[in-house]
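Visitor: Structure provided below as structure tokens; questions to follow.
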């Protein structure tokens, strides 16, 4: 006999809906979005259900009940609203980066400048090293076919391919060339924090490049020291 589909526990998603709503509103508080140019999602790994901002809805008007719940296959299971147009990109990241719990997409000014230049953000100082284990990569150009068919899904696949030899847990951000950044974290709030730091680091890197002597990439030993003070099994920053 065919296996009976597992019943979804949508009521248990209430805290995640509230967390995703709060994270989306943080984008406005941190000046990471203009108009509705951004979105945050979160995932319930036990049920493999994703909660994401609805498409084109003003941040000030959103409620937790407006958040859209989908399966990893993209089927909406709880909402009358359309999910973010970037949903397929989010889903592809969740499928391929198993340790992440939140994804953020913005068009924040300085990170988007680097995306439009098609340049990575090099590690120039310890602010970068506290959050990112190496330079923040910029993807290749998308092909005409990738844009014409399944654009958002192919954006996700492009990001995953860019991280083929990188650790997304240690490098929670990417610049999509000619587009804008995608950032992730262990939960929606941490993903927003990483997006905020990315924006600060991008601005610092841009003006460092204008300072006259060009960008001086930091020594690897200093980058490693600062990154692993906060991350990994031997981290010692903060309180236990």
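In the working numbering, the protein residues as written are 3 to 242. Even for Gly, the Cβ is constructed at its ideal location relative to N, Cα and C.
Take every Cβ of the stretch 179–189, pair it with every Cβ of the stretch 117–126, and state whether three or more of those distances are shorter than 8 Å.
Guide: Touching, per the Cβ criterion.
Visitor: Pull the bridge partners of residue 186 from the DSSP assignment, please.
Guide: Bridge partners of residue 186: 105.
Visitor: Within the same chain, show all residues whose beta-carbon is closer than 7 Å to that of residue 85, passing over the 5 residues directly before and after it, in chain order.
Guide: Once the five neighbours on either side are set aside, the close Cβ partners of residue 85 are 54, 56, 57, 70, 72 and 78.
Visitor: Please name the residue, chosen from 239, 110, 219 and 61, that lies closest to residue 207 on a Cα-to-Cα basis.
Guide: Of 239, 110, 219 and 61, the residue nearest in Cα terms is 219.
Visitor: What does DSSP give as the partner residue(s) for residue 138 in the beta ladder?
Guide: The partner list for residue 138 (beta bridge, DSSP) reads 123.
Visitor: For residue 61, which option in 124, 34 and 240 has the closest C-alpha, if you only look at C-alpha atoms?
Guide: With distances taken between Cα atoms, residue 61 lies closest to 34.
Visitor: Going along the chain, which residues of its own chain have a beta-carbon closer than 7 Å to the beta-carbon of residue 88, five neighbours each way excluded?
Guide: For residue 88, where only same-chain residues beyond five positions count, the Cβ hits under 7 Å are 41, 107 and 154.
Visitor: Just to confirm before moving on: does the CB-CB distance between residue 141 and residue 123 stay below 8 Å?
Guide: No, these two residues do not count as a Cβ contact at 8 Å.
Visitor: Cβ atoms of residue 169 and residue 135: under 8 Å apart, would you say?
Guide: Yes.
Visitor: Going by the beta-carbon positions, is the gap between residue 158 and residue 174 smaller than 8 Å?
Guide: No, Cβ-Cβ distance for residue 158 and residue 174 is not below 8 Å.
Visitor: Use the C-beta contact count for residue 239: other C-beta atoms within 10 angstroms, 16 or more gives buried, fewer gives exposed.
Guide: Exposed, since its Cβ has fewer than 16 Cβ neighbours within 10 Å.
Visitor: For residue 147, write down the residues that DSSP places opposite it in a beta bridge.
Guide: For residue 147, which the question treats as bridged, DSSP gives no partner whatsoever.
Visitor: Give me the residue from 29, 13, 204 and 15 with the minimum Cα distance to residue 191.
Guide: Here the closest residue by C-alpha is 29.
Visitor: Could you tell me which whole beta strand (DSSP E) segments of length 3 or greater appear in the stretch 41–101?
Guide: List check, beta strand (DSSP E) in window: 51–54, 70–73 and 78–80.
Visitor: Expressed to the nearest angstrom, what Euclidean distance is found between the alpha-carbon atoms of residue 105 and residue 148?
Guide: One C-alpha to the other measures close to 22 Å.
Visitor: Taking the beta strand (DSSP E) that residue 176 belongs to, which residues open and close that run?
Guide: 175–177 is the extent of the beta strand (DSSP E) around residue 176.
Visitor: Classify residue 90: buried if its beta carbon has 16 or more other beta carbons within 10 angstroms, exposed otherwise.
Guide: Buried.
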